[in-house]
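Everything below concerns the one structure shown next.
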Amino acid sequence: MVDTPLPDTPIKDPSRLSLALQSDFFFQFKRSPLAMVSFGLVSLLVLSAIFAPLIAPHNPFDPGSLNLMNGFSAPMTPNAFTGETFWLGTDDQGRDVFSTILYGMRISLFVGAAAVTFAMVLGITLGLLAGYVGGWTETIIMRVADVQLTFPAILVAMLIFGVAKGVTPVEYRDQMAIWVLIIAIGLSDWVQFARVVRGATLVEKNKEYVAAAKLIGRTGPAIMLRHILPNVLSPVLVIATISLALAIIAEATLSFLGVGAPATQPSLGTLIRIGQGFLFSGEWWILLFPAATLLALALSVNLLGDWLRDALNPRLR
Amino acid sequence: MCTACDTPKPFFYRLTAPPGATTCRSTQTVARTVIGADMSASNHPQRSRRSAFRLTLPRRAYLLRDMLAYVIQRVGQSALVLLVVGLVAFSMFRFVGDPIDNMLGQERTQEDIERLRIVLGLDQPFVVQYYRFLTEAVQGNFGVSYRQGRPVAEILMERAPATLELAAVSGFLAITVGIGLGVFTAIRRNGIGANVIMSVSLIGVSLPTFLIGILLIYLFSVELGWLPSFGRGETVKIGNWSTGFLTESGLKALILPSITLGLYQMTLIMRLVRSEMLEVLRQDYIRFARARGLRERAVNFRHALKNTLVPVITVTGLQLGSIIAFAIITETVFQWPGVGLLFINAIQFVDIPVMAAYLMLISVMFVGINLLVDLLYFAIDPRLRVDRTGGH
Numbered sequence: 370m371v372d373t374p375l376p377d378t379p380i381k382d383p384s385r386l387s388l389a390l391q392s393d394f395f396f397q398f399k400r401s402p403l404a405m406v407s408f409g410l411v412s413l414l415v416l417s418a419i420f421a422p423l424i425a426p427h428n429p430f431d432p433g434s435l436n437l438m439n440g441f442s443a444p445m446t447p448n449a450f451t452g453e454t455f456w457l458g459t460d461d462q463g464r465d466v467f468s469t470i471l472y473g474m475r476i477s478l479f480v481g482a483a484a485v486t487f488a489m490v491l492g493i494t495l496g497l498l499a500g501y502v503g504g505w506t507e508t509i510i511m512r513v514a515d516v517q518l519t520f521p522a523i524l525v526a527m528l529i530f531g532v533a534k535g536v537t538p539v540e541y542r543d544q545m546a547i548w549v550l551i552i553a554i555g556l557s558d559w560v561q562f563a564r565v566v567r568g569a570t571l572v573e574k575n576k577e578y579v580a581a582a583k584l585i586g587r588t589g590p591a592i593m594l595r596h597i598l599p600n601v602l603s604p605v606l607v608i609a610t611i612s613l614a615l616a617i618i619a620e621a622t623l624s625f626l627g628v629g630a631p632a633t634q635p636s637l638g639t640l641i642r643i644g645q646g647f648l649f650s651g652e653w654w655i656l657l658f659p660a661a662t663l664l665a666l667a668l669s670v671n672l673l674g675d676w677l678r679d680a681l682n683p684r685l686r
Numbered sequence: 003m004c005t006a007c008d009t010p011k012p013f014f015y016r017l018t019a020p021p022g023a024t025t026c027r028s029t030q031t032v033a034r035t036v037i038g039a040d041m042s043a044s045n046h047p048q049r050s051r052r053s054a055f056r057l058t059l060p061r062r063a064y065l066l067r068d069m070l071a072y073v074i075q076r077v078g079q080s081a082l083v084l085l086v087v088g089l090v091a092f093s094m095f096r097f098v099g100d101p102i103d104n105m106l107g108q109e110r111t112q113e114d115i116e117r118l119r120i121v122l123g124l125d126q127p128f129v130v131q132y133y134r135f136l137t138e139a140v141q142g143n144f145g146v147s148y149r150q151g152r153p154v155a156e157i158l159m160e161r162a163p164a165t166l167e168l169a170a171v172s173g174f175l176a177i178t179v180g181i182g183l184g185v186f187t188a189i190r191r192n193g194i195g196a197n198v199i200m201s202v203s204l205i206g207v208s209l210p211t212f213l214i215g216i217l218l219i220y221l222f223s224v225e226l227g228w229l230p231s232f233g234r235g236e237t238v239k240i241g242n243w244s245t246g247f248l249t250e251s252g253l254k255a256l257i258l259p260s261i262t263l264g265l266y267q268m269t270l271i272m273r274l275v276r277s278e279m280l281e282v283l284r285q286d287y288i289r290f291a292r293a294r295g296l297r298e299r300a301v302n303f304r305h306a307l308k309n310t311l312v313p314v315i316t317v318t319g320l321q322l323g324s325i326i327a328f329a330i331i332t333e334t335v336f337q338w339p340g341v342g343l344l345f346i347n348a349i350q351f352v353d354i355p356v357m358a359a360y361l362m363l364i365s366v367m368f369v370g371i372n373l374l375v376d377l378l379y380f381a382i383d384p385r386l387r388v389d390r391t392g393g394h
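Right, here's the structure in full:
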């Protein structure tokens, strides 16, 4: 028998990028035009929200850059007084609608993402506890979840917002509004995460690797976080995406109702609320452009979530 | 909770499963048909020595006993939920803002404050105060609105007809149109009309309610000028009830809000009916009904639609509650003078008594609907009343 000589240069491990490019997941992604379009749209919107200060032609929060004479300019037509042209027109105070949308999207996305993160952390923690510890802990957590699920999330969020508003002093209300909004939407949304994580944990905790981890003396929290959690994450990812769309819509709804982002920090919902006042006088652009942006954002995140659900579900492959 | 399949709400499964069984009925059925195992047998002594002749009576009796236990348990649960909600509402009163601050004006003396504390019972222990709050609430006394200075119950009574009429029309619209379209899209699965409806419904699900309302206003009120964009129009008073059904302007004013409110529920019901119908239409008994030469209409409606009704009624029932909750949004868009608009204004002005009263009313409604839907299963589906896995 002849020894095969070792190669001079060791074979390189495939890089993470090439692994990702060869994965099933990426293959699924390449095959679905819907996923690619919605992913493209989401990234376009998110990027333009992040880089809003660089893209926006005006800063809507800087009173110095506003000119009241520019008020009510129609889209793509030069203003009668100043001759300036605005892509999407201006509102009553001469603010560029395009810029306010970019800045508004920032707030909408920030609130949505932060609320979902909060809900996710809370839901995963409680779900893991309920599933792994069991007993009374489980009963209490799941009962609370059941009760909360009886009520629509938006109603729960409204109530939390209302109570928080009563608790905070008047002078801080506007500053706190965004954070209260995040907590309210997050608290109204954790149940989904908790239920799914609990269900998956119940299955995982009886598997051999958990028994092995117990045998080598790992503690409960370590087993939950380092061993079980990574194995229950993929459904959580799907719910998080769909929740993001719902959270964005919930935020817009609350702001539209006047119990969300204040006019000093307008989100897309606040912009629509403001724009509704001008609908009857014929200034449709103040309303319709933020509305269209909100719709595009919610729809594309939703479609992405739908696709993700199908792509990550091994049963559907 | 079923240990094998983790059915989220296994009420009727749990009910028909024998006591002590850890798996739900559907899991057992699957297990029996797939691997021939009887996962429940060991838990039920009657079952092992039953004879064909004794089949019906003992099991019926045992079902009835179980059903009664189940009903009692469900009612108890509902009462507990209501108590907790009452506690939340009471805490809002007690800890959000100072009621004395809210009721007395700027010119007040320490004596006034002390006297009001005793009059309002704020010097009593927490539990006593909570008990008093609950007894008052049950009698319909929710205190005085901070903002309007009138009893909350009076304001609510005044506003209730508007919301209830709106919700009734939207619910009716959602159910009739939803079921109709659902059946249509299921029967003409590949037709152009069905495909168009399905695509449109996808947009209907993702559009936020308030945007639908605004777009409808823009189209039908601003551009076309056909329908009013706000308010209830003229109303007629019948006793304490002011109705918009009897005047032309009242009916016209109802159209846009009820479409806005009902659209989401409609699409939901439609998609549900469609998927359930598609499931049922595949079954053998449908093929058999066709083979018997029954007319297409009889097959579709008598045999297929009837068997889709259990999940549809569950979802519809639960959605009725959300119609009232989502009325908040619709009422704000259309400035509809109902309870929802009152609630939103109460939040904006931190009018705690109104918020608390609304919270309690809506929870009574939600809990009641949930309970009713659970109990309705027995009325609707005869399969649940007799044991499903019987000897045939």
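Heads up: the protein sequence lines correspond to chains S and U, in order.
Per the numbering used here, the very first residue in the first sequence carries number 370; after that it's consecutive.
Per the numbering used here, the very first residue in the second sequence carries number 3; after that it's consecutive.
For glycine and all other residues, C-beta sits at the position ideal for the given N, C-alpha and C.
For clarity, every value in this text was computed on a predicted model and none was experimentally measured.
- Segment contact: the segment 352 to 362 of chain U against the segment 149 to 166 of chain U, three or more CB-CB distances shorter than 8 Å; contact assigned.
- In this structure, E620 (chain S) sits away from V490 (chain S), with a CB-CB distance that is not shorter than 8 Å.
- Not flagged as an interface residue toward chain S: Y148 (chain U), since no C-beta distance is shorter than 8 Å.
- Residue contact check for V516 (chain S) against chain U: a CB pair falls below 8 Å.
- Looking at S:F658, S:G568, S:V502, the one whose alpha-carbon comes closest to that of T588 (chain S) is S:V502.
- Annotated as proximal: A188 (chain U) and L283 (chain U), with beta-carbon spacing under 8 Å.
- For R134 (chain U), the CB contacts under 8 Å within the same chain, skipping 5 residues up- and downstream, are G123, Q126 in chain order.
- Judged by pairs of C-beta atoms under 8 Å, the segment 371 to 379 of chain U does not touch the segment 269 to 279 of chain U, as fewer than three such pairs exist.
- Under the three-state reduction of DSSP output, S650 (chain S) falls in the coil class, being neither helix nor strand.
- For the segment 514 to 545 of chain S, the set of positions with a beta-carbon nearer than 8 Å to some beta-carbon of chain U reads V516, T519, F520, P521, I523, L524, M527, L528, F530, G531, V532, K534, G535, V536 in chain order.
- In this chain, W228 (chain U) is not harboured by any beta strand (DSSP E), its DSSP state being neither H nor E.
- The segment 382 to 470 of chain S is shown to contain whole alpha helix (DSSP H) runs of 4 or more residues at 385 to 391, 393 to 400, 402 to 419, 421 to 424, in chain order.
- Scanning the segment 134 to 210 of chain U from its first residue to its last, the whole alpha helix (DSSP H) runs of 4-plus residues come out as 154 to 189, 194 to 208.
- Contact check between the segment 659 to 667 of chain S and the segment 203 to 223 of chain U: three or more CB pairs, one atom from each, fall below 8 Å, which counts as touching.
- The residues A188, in chain order, have a CB closer than 6 Å to that of L280 (chain U) in the same chain once the five nearest residues on each side in sequence are set aside.
- One Cα belongs to I592 (chain S), the other to T506 (chain S), and the distance between them is close to 17 Å.
- Secondary structure at S277 (chain U): helix, using DSSP grouped into helix, strand and coil.
- Per DSSP, V628 (chain S) is not a residue of any alpha helix (DSSP H), being assigned neither H nor E.
- When the Cα atoms are used, N242 (chain U) and M94 (chain U) turn out to be separated by approximately 30 Å.
- For the C-beta of I618 (chain S), the chain U residues within less than 7 Å are, from N- to C-terminus, P210.
- Contact of F368 (chain U) with chain S is assigned, a C-beta pair being separated by under 8 Å.
- A621, T622, F625, L626, G627, V628: these are the residues of the segment 619 to 639 of chain S whose beta carbon lies less than 7 Å from some beta carbon of chain U, given in chain order.
- Considering only beta carbons, the part of the segment 323 to 335 of chain U lying closer than 9 Å to chain S consists of G323, S324, A327, F328, I330, I331, T334, V335, in chain order.
- Judged by beta-carbon spacing, A630 (chain S) lies beyond the 8 Å limit of I523 (chain S), meaning their Cβ atoms are not closer than that value.
- With a 10 Å radius around the Cβ and a threshold of 16 neighbouring Cβ atoms, Q634 (chain S) comes out buried.
- The alpha carbon of E278 (chain U) has as its nearest neighbour, out of U:I330, U:T262, U:V317, the alpha carbon of U:V317.
- DSSP places T245 (chain U) inside the beta strand (DSSP E), whose first and last residues are 243 to 245.
- Counting C-beta pairs closer than 8 Å gives three or more between the segment 512 to 520 of chain S and the segment 361 to 372 of chain U, which meets the contact rule.
- I585 (chain S): not part of any alpha helix (DSSP H); DSSP gives it neither H nor E.
- Per DSSP, V301 (chain U) is not a residue of any beta strand (DSSP E), being assigned neither H nor E.
- Per DSSP, I240 (chain U) is one residue of the beta strand (DSSP E) stretching across 238 to 240.
- Three or more Cβ pairs closer than 8 Å define a contact, and the segment 599 to 606 of chain S meets that threshold against the segment 568 to 581 of chain S.
- Under the three-state reduction of DSSP, Q634 (chain S) is assigned to coil, being neither helix nor strand.
- Contact of Q645 (chain S) with chain U by beta-carbon distance below 7 Å involves I216.
- Collapsing the DSSP output to three states places D558 (chain S) in coil.
- Here F97 (chain U) carries a helix assignment [DSSP, helix/strand/coil].
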